[in-house]
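Sequential numbering from 102 applies to the sequence shown in the numbering used here. Note that CB positions come from ideal geometry on N, CA and C, so glycine has one too. Have a look at the structure below, then the notes.
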Amino acid sequence: MADHQSPLIRLPRELRLEIYKLLFNDKNHKTLEIRSDDATTYRLISDVEFHPSIMGVNRQIYDEVSFLLYSRHSFGFGEDIEVIVPFLSNLRRHTRPLIHEISLFKQISIYIHAHSDRCEWTNVCDYLAKNMHLRSLKLIVEGGRPSSSWEERPRYDLSDFQTLHRAKYEALEWVWELLSIQGLQKLEVSSEIRHRPPGRSLPLAFSADFSASIETGLADFLKSKMLPKSRLG
């Protein structure tokens with residue numbers, strides 16, 4: 102990357118920032134969505150108008166644009182969590198700390214002991230814990246809604262999840278791995294509930310009860326472990 106004096110650098114900083122905003126028009130999308138193209142590549146799918154070639158002019162412009170681009174947006178990856186580590190790894194070491202917020206989607210099989218994304222999830226949690234300094238995390242957890250009345254399902258509360266944690270309940274290993282991410286100031290937990298087929302097996306019953314508890318007991322447990330006490334309501 103060249104360090105020659107670009108005419109743009111001679112402009113007042115405030116004017117440069119306005120030019121950057123025109124060249125990186127996010128159209129009010131504060132979350133930039135990244136998705137997998139194939140096994141080795143990813144792309145930005147948000148409806149934005151970005152012209153990243155200007156970042157190659159020199160280091161100063163790169164740093165100024167990076168601040169505008171990375172520190173002022175959240176990054177979401179949908180169900181393609183396999184692209185998270187490659188995306189973050191491709192950023193410069195001094196650029197990664199600019200990212201303060203990301204969204205994670207956790208796929209949960211209706212058969213609670215199946216882990217379709219288990220390896221990727223483990224890698225993501227390990228990378229975020231060791232290489233990032235996130236302030237905010239949005240967690241969306243997939244759940245399964247049974248055909249029977251949703252309101253009648255038992256729900257796990259904070260103390261139930263604390264007991265499961267002490268027992269290192271294997272079906273929730275992904276939750277225990279998530280706890281390695283520390284330093285958060287904000288944590289949002291929501292659910293994406295999908296219909297599940299009928300059944301009376303213990304795994305299906307646990308899946309249904311867990312799903313009914315995502316935004317209550319699970320959220321309370323995660324906040325108690327991942328947020329400072331001053332942030333707990």
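**Prompt:** If you count every other CB in all the chains shown that lies within 10 Å of the CB of Ser302, and 16 or more means buried, which is it?
**Reply:** Sequence index remark: in the sequence shown, residue 302 carries index 201 (1-based). Label assigned to Ser302: exposed.
**Message:** Rounded to whole angstroms, what is the Cα-Cα separation between Glu202 and Phe176?
**Reply:** In the sequence shown, residue 202 corresponds to position 101, counting from 1. In the sequence shown, residue 176 corresponds to position 75, counting from 1. Each residue's alpha carbon lies about 7 Å from the other.
**Prompt:** According to the Cβ coordinates, are Glu180 and Lys239 closer than 8 Å?
**Reply:** By 1-based counting over the sequence shown, the position of residue 180 is 79. By 1-based counting over the sequence shown, the position of residue 239 is 138. Result no, Cβ atoms of Glu180 and Lys239 do not sit closer than 8 Å.
**Request:** Could you tell me whether the stretch 220-229 touches the stretch 146-154, where touching means 3 or more Cβ pairs closer than 8 Å?
**Result:** No contact exists between the stretch 220-229 and the stretch 146-154.
**Message:** From the DSSP secondary-structure annotation, give me the bridge partner or partners of Thr223.
**Reply:** The residue you call residue 223 lines up with position 122 of the sequence shown. According to DSSP, which records beta bridges pairwise, Thr223 is partnered with nothing at all.
**Request:** Report buried or exposed for Ile213, applying the criterion of at least 16 other Cβ atoms within 10 angstroms of its Cβ.
**Result:** To locate residue 213, count along the sequence shown from 1; it is residue 112. Per-residue confidence for Ile213 stands at a pLDDT of 47, beneath the threshold of 50, marking its modelled position as unreliable; no derived number is given.
**Supposed contact pair Val184 and Ser137 - C-beta distance, whole angstroms, cut 8 Å** = Residue mapping note: residue 137 aligns to position 36 of the sequence shown, counting from 1. Residue mapping note: residue 184 aligns to position 83 of the sequence shown, counting from 1. Contact holds; Cβ gap of about 5 Å.
**Asked** Assuming Leu235 and Leu285 make a contact with CB atoms under 8 Å, what is their CB distance in whole Å?
**Response** On the sequence shown, position 134 is the one that residue 235 refers to. On the sequence shown, position 184 is the one that residue 285 refers to. Sure, about 6 Å apart at Cβ, within 8 Å.
**Prompt:** Exposed or buried, what is Leu229 when buried is set at 16 or more other beta-carbons lying within 10 Å of its beta-carbon?
**Reply:** Position 128 of the sequence shown, counted from the first residue, corresponds to residue 229. Counting of Cβ neighbours within 10 angstroms places Leu229 among the buried residues, the total reaching 16 or more.
**Request:** Drop a sphere of 10 angstroms on the beta-carbon of Asp321, count the other beta-carbons inside from all chains shown, and report buried for 16 or more, exposed for fewer.
**Result:** Position 220 of the sequence shown, counting from 1, holds the residue named residue 321. Result: buried.
**Message:** Quick check: what's the CA-CA separation for His216 versus Glu316?
**Reply:** In the sequence shown, residue 216 corresponds to position 115, counting from 1. In the sequence shown, residue 316 corresponds to position 215, counting from 1. At His216, the pLDDT of 48 sits below 50, so the modelled position is not reliable; the number obtained from the coordinates is stated separately. Roughly 21 Å separates the two Cα atoms.
**Request:** Could you tell me which uninterrupted beta strand (DSSP E) segments, each at least 3 residues in length, are contained entirely in the stretch 114-148, listed from first to last along the chain?
**Result:** Qualifying beta strand (DSSP E) stretches, in chain order: 132-137, 143-145.
**Request:** Assign His174 to one of two classes, buried (16 or more other C-beta atoms within 10 Å of its C-beta) or exposed (fewer than that).
**Result:** Numbered from its first residue, the sequence shown carries residue 174 at position 73. For His174, the number of other beta carbons within 10 angstroms of its own is at least 16, and it is reported as buried.
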